[in-house]
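Trainee: Residue numbers (this note's numbering), protein chains in the order written: chain F, 1 to 491; chain V, 492 to 703. Just so you know, even glycine gets a beta-carbon here, dropped at the ideal spot from N, CA and C.
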Ligand code: B12
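Below is the structure:
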């Protein structure tokens, strides 16, 4: 049996959705984008033009929800399927868009550079339990107007996994779409085999900015999957109660689905989010708070009820370094998320309210993901009934280490974590240097960087990507992209 | 219990009606407005600040107290003006160009107002010119800028640069904040201060203004 956790009973779930719909129809949603407002008006929504407020109708909401696909797949740069975002399937992806990296040597933060992005991508390409990469850090050594597209460029150059990403401006969508077209070859091929997911955020409460709503529309036009990242902050810009925040999250997310599905019915979407409670002692938005995780799991239940695949920023930590808090918050989140069946779990690698990436933590979180993926395979009988033969063998042989039964099932029944998880006895641990978790993780990062094999994306495509990126950089006054030590090896 | 102590106690529990009535009573009793301000309203807010720091009370309690403080200020302001007692100072506040994150900035605004400052909130996506122009128009003591994106924080530098160009640096103080903005960055761009949260912003703005 696949273990599943639930926080909402059916009655409460249905009431939350009904209330959210009432809010969208009675209070409306503020959309600061004239063409989207006009499109919704064409579909029968009432509009208060002065306040940019659009009052949806049940008809519009039903139409949008019916049009949104119940599942979709992602494909790597070669077009091989990596994700089936459906049912209770679970995939992990690193957190996104951190402002800082945690430098292992100094244990202090700094602004990421091209070198950091490349190292991150090389590491993530080898972490088995992270099914996709994400544009997890924002490099500070390029013009700010290409800092979003440049991350996607590096991701596609160095790693074959699909990418969770997003733009910072309306303008940058163009190049970010072109880079994907360069990989896939055509718009049709990109539609059939999605390569990326774009995060698009409504603004709490009940508002869409020009930029983020336009991103939804632009993605829809190219059938690029979107994850809606609604962020009610419970107690501040959302009701303090978890149910109240869920109502707000539902309303904001449905409004996003309406925008994409009316633009291009059937365009893939993830029912996602990054809600948090607001900590009224520290004025912060803790991603590691248990209530934050409860809201995440619960809105995922609502998304599933609406028949949509889901996503959440969960399995990350607010700790400032790779310490016990980092481990406990990340694994609590990962465990709950996997049990809830959140289809795309974002967070690994992240510290400090999702503003800092640590490569060492990424390696640890990969192990957490490995364990949780094992957990949700559940407990299933395998040659266990009748039990008499195996126990007869045990009593006769005194041990089962070399039994056929053991050899057949060992690797499926037991998950073997990598070197960051310490399972040596104390004497061995001491003899091997008494190495701390942080040091073990750092050694693993070093090993992965040394073992990295270039992406097998064809040289022609890499060249095409590079030319497009260089062209974009020139548009913003950068004659060349920052030097990369191994740029030759990737082309 | 003296009436000032009563004001302090009611302010601490956030009872705006009582603070308003008690402030009026103190005025009627002939207590000096400046004394009502310092030993009543501000003393109460100082206690609140301390309790908040110690986690004895939470943000909602602070905001309730701030509201009670406004209620008292409404009674006091005309008298303070008449006596020529300067207002604690004006702060022009906003989120920088290209940035829509305003939650933190709003909280800073609420807390500054709670501490008695006059806040001119320009909202988000505010151009450098607009910051400076507004500060000039209103003769503001401080410009407070917020940025949450690494891609927008550079706009802060344009303001400090422009202030210098116009010979206003030092006269109009600049304080900056937001997740990617560090104290080092503040120094680097020539800002006068950095604040890490809203309560801290109040302390920093107070010391900026007392330097003037
Ligand atoms: C909520 C949020 C949003 C909301 C904002 C809603 C709103 N009305 O503000 C929405 C959904 C709109 C949003 C949009 C986006 N966001 Co956003 N967002 C956040 C989030 C989760 C929390 C910010 C917040 O409100 N915190 C709570 C408040 C209370 O804290 P605060 O802002 O830090 O402010 C405190 C202090 O910093 C200080 N302070 C703040 N300002 C000032 C000013 C002064 C003068 C002083 C003294 C002090 C001070 O005091 C405040 C009170 O304690 C952060 C994550 C994070 N770690 O910060 C990401 C984050 C900032 N966002 C991010 C991104 C990428 C985006 C988008 C580009 C996403 C997209 N693709 O659409 C868009 C950008 C739109 C734009 N052009 O601005 C990234 C930034 C990455 C980067 N390298 O810059 C972050 C770090 C998340 C992440 N890792 O991906 N976001």
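#1: I'd like to know if residue 175/F contacts chain V, where contact means its C-beta is closer than 7 angstroms to some C-beta of that chain.
#2: So is residue 285/F buried or exposed if we call it buried at 16+ other beta carbons inside 10 Å?
#3: Taking the continuous alpha helix (DSSP H) assigned at residue 636/V, which residues delimit it?
#4: Check whether the Cβ of residue 604/V lies closer than 6 angstroms to any heavy atom of the ligand B12, and answer yes or no.
#5: Hey, does residue 118/F have any beta-carbon neighbour from chain V nearer than 7 angstroms?
#6: Name, please, each residue of chain V whose Cβ falls closer than 8 angstroms to the Cβ of residue 140/F.
#7: Measuring alpha carbon to alpha carbon, tell me which residue in 375/F, 360/F, 474/F and 480/F is nearest residue 336/F.
#8: In its own chain, which residues sit with a C-beta less than 8 angstroms from the C-beta of residue 71/F, not counting the 5 before and 5 after it?
#9: Going by the C-beta, is residue 689/V closer than 6 angstroms to any heavy atom of the ligand B12?
#10: Which class does residue 492/F belong to by DSSP, given the choice of helix, strand or coil?
#11: Give a yes or no on whether the C-beta atoms belonging to residue 607/V and residue 579/V are separated by under 7 angstroms.
#12: With distance defined between alpha-carbon atoms, name the residue in 534/V, 675/V, 698/V and 525/V nearest to residue 574/V.
#13: Going by beta-carbon coordinates alone, are residue 682/V and residue 665/V separated by less than 7 angstroms?
#14: Considering only residues of the same chain and omitting the five flanking positions on each side of residue 160/F, which have a CB-CB separation below 6 angstroms?
#15: I'd like to confirm something about residue 391/F: is its beta-carbon nearer than 6 angstroms to some heavy atom of the ligand B12, or not?
#16: Is residue 682/V a contact residue of the ligand B12, with contact defined as CB to any heavy atom under 6 angstroms?
#17: Rounded to the nearest angstrom, how far is the Cβ of residue 227/F from that of residue 259/F, given a contact under 8 angstroms?
#18: Quick check on the DSSP output: the beta strand (DSSP E) that includes residue 32/F runs from which residue to which?
#19: Kindly indicate which three-state DSSP category residue 476/F falls into: helix, strand or coil?
#20: Could you have a look at residue 496/V and say whether DSSP puts it in helix, strand or coil?
#21: Assuming residue 345/F and residue 129/F form a contact by the criterion Cβ under 8 angstroms, report the distance between their Cβ atoms to the nearest whole angstrom.
#22: Can you tell me the Cα-Cα spacing of residue 59/F and residue 295/F, whole angstroms?
#23: Could you check if residue 629/V is buried or exposed, using at least 16 other CB atoms within 10 Å of its CB as the buried criterion?
#24: My assumption, with CB atoms under 8 angstroms, is that residue 347/F sits in contact with residue 95/F. Please give the rounded CB distance.
#25: List the residues of chain V that residue 233/F touches, going by C-beta distances under 9 angstroms, in chain order.
#26: The ligand B12 and residue 168/F: does any heavy atom of the ligand fall closer than 6 angstroms to the residue's C-beta?
#27: Chain V beta carbons: is any one of them nearer than 7 angstroms to that of residue 168/F?
#28: Under the three-state reduction of DSSP, which class applies to residue 259/F: helix, strand or coil?
#29: Is it a yes or a no for the region 225-239 of chain F touching the region 253-273 of chain F, going by three-plus beta-carbon pairs under 8 angstroms?
#30: Buried or exposed: where does residue 392/F fall if 16 or more other Cβ atoms within 10 Å of its Cβ makes it buried?
#31: Return the chain-ordered list of same chain residues with a C-beta closer than 7 angstroms to the C-beta of residue 530/V, the five sequence neighbours on each side being excluded.
#32: Starting from the C-beta of residue 420/F, find all residues in its chain whose C-beta is less than 8 angstroms away, skip the five residues before and the five after it, and write them out in chain order.
#33: For residue 467/F, decide whether its Cβ has a neighbour in chain V, counting only Cβ atoms nearer than 7 angstroms.
#34: Taking any Cβ of chain V, which residues in the region 279-303 of chain F have a Cβ under 9 angstroms from it, in chain order?
#35: Could you pull out every unbroken beta strand (DSSP E) segment of at least 3 residues lying fully inside the region 245-313 of chain F, listed in chain order?
Mentor: Reading from the atomic positions:
#1: Taking the first residue of the first chain as position 1, residue 175/F is located at position 175. Not one chain V Cβ lies under 7 angstroms of residue 175/F.
#2: Reading the first chain from its first residue, position 285 is the one you call residue 285/F. Residue 285/F should be labelled buried.
#3: The residue labelled residue 636/V in the question sits at position 145 within the second chain. Looking at the DSSP string, residue 636/V is not in any alpha helix (DSSP H); the run it does join, the beta strand (DSSP E), is 633-637.
#4: Taking the first residue of the second chain as position 1, residue 604/V is located at position 113. Checking every heavy atom of the ligand B12 against the Cβ of residue 604/V, none is found closer than 6 angstroms.
#5: In the first chain, counting from the first residue as 1, residue 118/F sits at position 118. No, no contact with chain V.
#6: Translated into positions along the first chain, residue 140/F becomes position 140. 641, listed in chain order.
#7: Position 336 of the first chain, counted from the start, is the residue given in the question as residue 336/F. The option with the nearest alpha carbon to residue 336/F is 375/F.
#8: Taking the first chain and counting its residues from 1, one reaches residue 71/F at position 71. Correct list, in chain order: 84, 85, 86, 87 and 309.
#9: Position 198 of the second chain holds residue 689/V. Correct: residue 689/V has its Cβ closer than 6 angstroms to the ligand B12.
#10: Nothing can be reported for residue 492/F, as the shown portion of chain F is limited to 1 through 491.
#11: Residue numbering aside, residue 607/V sits at position 116 when the second chain is read from its first letter. Residue numbering aside, residue 579/V sits at position 88 when the second chain is read from its first letter. Note that the C-beta distance between residue 607/V and residue 579/V is below 7 angstroms.
#12: The count along the second chain starts at 1 and reaches residue 574/V at position 83. Ranking 534/V, 675/V, 698/V and 525/V by Cα distance to residue 574/V puts 525/V first.
#13: In the second chain, counting from the first residue as 1, residue 682/V sits at position 191. In the second chain, counting from the first residue as 1, residue 665/V sits at position 174. Taking 7 angstroms as the Cβ cut-off, residue 682/V and residue 665/V qualify as a contacting pair.
#14: In the first chain, the residue the question calls residue 160/F occupies position 160. Taken in chain order, the residues that qualify are 76, 77 and 455.
#15: The residue given as residue 391/F occupies position 391 in the first chain. Checking the Cβ of residue 391/F against the ligand B12 gives no.
#16: In the second chain, counting from the first residue as 1, residue 682/V sits at position 191. No, the beta carbon of residue 682/V sits no closer than 6 angstroms to any heavy atom of the ligand B12.
#17: As a position in the first chain, residue 227/F is number 227, starting the count at 1. As a position in the first chain, residue 259/F is number 259, starting the count at 1. 14 angstroms between Cβ atoms; not a contact.
#18: In the first chain, counting from the first residue as 1, residue 32/F sits at position 32. It is not in any beta strand (DSSP E) - residue 32/F carries neither H nor E in the DSSP assignment.
#19: The sequence position of residue 476/F within the first chain is 476, counting from 1. Note: residue 476/F maps to coil in three-state DSSP.
#20: What you label residue 496/V is simply residue 5 of the second chain in a count that begins at 1. Here residue 496/V sits in helix by DSSP.
#21: By one-based count along the first chain, residue 345/F stands at place 345. By one-based count along the first chain, residue 129/F stands at place 129. Contact flag wrong, Cβ pair sits at about 10 angstroms.
#22: As a first step, residue 59/F is located in the first chain; it is residue number 59 there, counting from the start. As a first step, residue 295/F is located in the first chain; it is residue number 295 there, counting from the start. Their Cα atoms are separated by approximately 28 angstroms.
#23: Numbered from 1 along the second chain, position 138 holds the residue referred to as residue 629/V. When all chains shown are included, residue 629/V counts as exposed.
#24: Stepping through the first chain from its first residue, residue 347/F is reached at position 347. Stepping through the first chain from its first residue, residue 95/F is reached at position 95. Indeed, because the Cβ distance is near 5 angstroms, the residues count as touching under 8 angstroms.
#25: Reading the first chain from its first residue, position 233 is the one you call residue 233/F. Here the neighbours are 594.
#26: The residue given as residue 168/F occupies position 168 in the first chain. Result yes, Cβ under 6 angstroms from the ligand B12.
#27: Against the first chain, residue 168/F aligns to sequence position 168. Residue 168/F counts as touching chain V.
#28: What you label residue 259/F is simply residue 259 of the first chain in a count that begins at 1. Here residue 259/F sits in helix by DSSP.
#29: yes
#30: Residue 392/F sits at position 392 when you count from the first residue of the first chain. With fewer than 16 other Cβ atoms within 10 Å, it is exposed.
#31: For this step, residue 530/V is matched to residue 39 along the second chain. Closer than 7 angstroms at the Cβ level, and outside the excluded window around residue 530/V, lie 495.
#32: One-based indexing of the first chain puts residue 420/F at position 420. Counting only Cβ-Cβ distances below 8 angstroms, and skipping sequence neighbours, we find 363, 364, 367, 437, 440, 441 and 444.
#33: For this step, residue 467/F is matched to residue 467 along the first chain. Closer than 7 angstroms to the CB of residue 467/F there is not a single CB belonging to chain V.
#34: 279, 280, 281, 282, 283, 284 and 285
#35: The region 245-313 of chain F is shown to contain whole beta strand (DSSP E) runs of 3 or more residues at 311-313, in chain order.
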